[in-house]
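K.L.:
If you scroll down you'll find the structure; I have some questions about it.
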Amino acid sequence: TQLLEQSPQFLSIQEGENLTVYCNSSSVFSSLQWYRQEPGEGPVLLVTVVTGGEVKKLKRLTFQFGDARKDSSLHITAAQPGDTGLYLCAGAGNAGNMLTFGGGTRLMVKP
Amino acid sequence: DSGVTQTPKHLITATGQRVTLRCSPRSGDLSVYWYQQSLDQGLQFLIQYYNGEERAKGNILERFSAQQFPDLHSELNLSSLELGDSALYFCASLVWGTPPSYEQYFGPGTRLTVT
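Protein sequence lines correspond, in order, to chains W and E. For the record, in the first sequence the residue sitting at position 102 is 144 according to our numbering, with numbers rising by one throughout. For the record, in the second sequence the residue sitting at position 73 is 82 according to our numbering, with numbers rising by one throughout.
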């Protein structure tokens, strides 16, 4: 069974601060996705990383896939209240079509 | 808008009852995944269908069942409901991203409250 551990579980910061969320596993994933979910809504796909060592940027968000494809990080620069939400990482196994979700990081950015 | 639709948005029912949740995947997508998300919990995979056939099972209770119809919409049936079944239920549609990645697009969910 592939497991993904996210840390921290909760994060409360002030507007303008930087933060990093980690997603770790002992298993290798063929790809890894990051989702953001707002209360009462479905998760929305932010990015997919595929290659070990890959870095992708989405405005103030930077996503990195570990060299061994076992871990990933999400870094947010100058967080804004609109970044508040639940961030989920999900890894795809060798078959590619099954995702294992991490437990999520609940982020609150205070104005 | 992910293109995945789910009905109803909210459902309130009593213990012991049976309900049906409906999902339509994105146009052209053959796969449907069902997930359960309890309060402050991550997503728990329940079951996957591909073109009408069950492909994978996760932590789905025997009281729960699902099916996918020829028009590709799917229904999740929950019976003998218990208080602990109160949760958000999501379905997702699978698309091929940059190979070898697959990406799942989620519907807005159905919030089930069992009283």
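For every residue, glycine included, the Cβ atom is placed at its ideal position computed from N, Cα and C. For clarity, every value in this text was computed on a predicted model and none was experimentally measured.
Span of the beta strand (DSSP E) holding E:Glu62?
P.N.:
Locating residue 62 of chain E in the second sequence gives position 53, where the first residue counts as 1. 62 to 66 is the extent of the beta strand (DSSP E) around E:Glu62.
K.L.:
For E:Gln113, return the contacting residues in chain W, with the cut-off set at a CB-CB distance below 8 Å.
P.N.:
By one-based count along the second sequence, residue 113 of chain E stands at place 104. Correct list: Gln75, Leu87, Ala132, Leu141.
K.L.:
Measuring straight from C-alpha to C-alpha, what distance separates W:Thr147 and E:Gly12?
P.N.:
Here residue 147 of chain W refers to the residue found at position 105 when the first sequence is read from its first residue. Here residue 12 of chain E refers to the residue found at position 3 when the second sequence is read from its first residue. One C-alpha to the other measures close to 26 Å.
K.L.:
Can you name the residues that DSSP bridges to E:Leu103?
P.N.:
Along the second sequence, read from residue 1 onward, the residue named residue 103 of chain E stands at position 94. For E:Leu103, which the question treats as bridged, DSSP gives the partners E:Gln113.
K.L.:
DSSP three-state label for W:Asp113, please.
P.N.:
Here residue 113 of chain W refers to the residue found at position 71 when the first sequence is read from its first residue. W:Asp113 falls in the strand class under three-state DSSP.
K.L.:
Could you tell me which residues DSSP puts in a beta bridge with E:Gly51?
P.N.:
As a working note, residue 51 of chain E is residue 42 in the second sequence. For E:Gly51, which the question treats as bridged, DSSP gives no partner whatsoever.
K.L.:
So which of E:Ser83, E:Leu87, E:Leu92, E:Thr124 has the shortest CA-CA distance to E:Glu62?
P.N.:
Start at 1 with the first residue of the second sequence, and residue 62 of chain E comes out as number 53. That would be E:Ser83, whose Cα lies nearest to the Cα of E:Glu62.
K.L.:
Whose CA, out of E:Leu85, E:Gln15, E:Tyr58, E:Arg27, lies closest to the CA of E:Ser74?
P.N.:
As a working mapping, residue 74 of chain E is identified with position 65 in the second sequence. Of E:Leu85, E:Gln15, E:Tyr58, E:Arg27, the residue nearest in Cα terms is E:Leu85.
K.L.:
Is W:Leu130 near W:Tyr77, with beta carbons less than 8 Å apart?
P.N.:
Locating residue 130 of chain W in the first sequence gives position 88, counting from the first residue. Locating residue 77 of chain W in the first sequence gives position 35, counting from the first residue. In contact: W:Leu130 and W:Tyr77 (Cβ atoms closer than 8 Å).
K.L.:
Relative to the C-alpha of W:Met150, which candidate in W:Leu46, W:Asn60, W:Leu45, W:Glu47 has its C-alpha closest?
P.N.:
By one-based count along the first sequence, residue 150 of chain W stands at place 108. Ranking the options by Cα distance to W:Met150, first place goes to W:Asn60.
K.L.:
Residues in its own chain within less than 6 Å of W:Asp109 by CB, not counting five upstream and five downstream?
P.N.:
Within the first sequence, numbered from 1, the residue matching residue 109 of chain W stands at position 67. So the list reads Gly94, Gly95, once near-sequence residues are dropped.
K.L.:
Any beta-carbon of chain W closer than 8 Å to the one on E:Ser11?
P.N.:
Taking the second sequence and counting its residues from 1, the one referred to as residue 11 of chain E is at position 2. Yes - at least one Cβ of chain W is within 8 Å of the one on E:Ser11.
K.L.:
Could you tell me the boundaries of the beta strand (DSSP E) in which W:Ala134 lies?
P.N.:
The residue you call residue 134 of chain W lines up with position 92 of the first sequence. Element bounds for W:Ala134: 127 to 134.
K.L.:
Residues of chain E with CB closer than 8 Å to the CB of W:Gly82, please, in chain order.
P.N.:
Within the first sequence, numbered from 1, the residue matching residue 82 of chain W stands at position 40. Per Cβ cutoff of 8 Å: Leu97, Gly118, Arg120.
K.L.:
Just checking: is the beta-carbon of W:Thr126 within a distance shorter than 8 Å of some beta-carbon in chain E?
P.N.:
Numbered from its first residue, the first sequence carries residue 126 of chain W at position 84. Chain E, which has no Cβ nearer than 8 Å to the Cβ of W:Thr126, makes this no.
K.L.:
Would you say E:Leu30 and E:Gln15 are within 8 Å of each other, going by their C-beta atoms?
P.N.:
Position 21 of the second sequence, counted from the start, is the residue given in the question as residue 30 of chain E. Position 6 of the second sequence, counted from the start, is the residue given in the question as residue 15 of chain E. For E:Leu30 and E:Gln15, yes; Cβs fall inside 8 Å.
K.L.:
For the segment 50 to 61 of chain E, which residues have a CB atom closer than 9 Å to at least one CB atom of chain W, in sequence order?
P.N.:
Cβ contacts with chain W: Gln50, Gly51, Leu52, Gln53, Phe54, Gln57, Tyr59.
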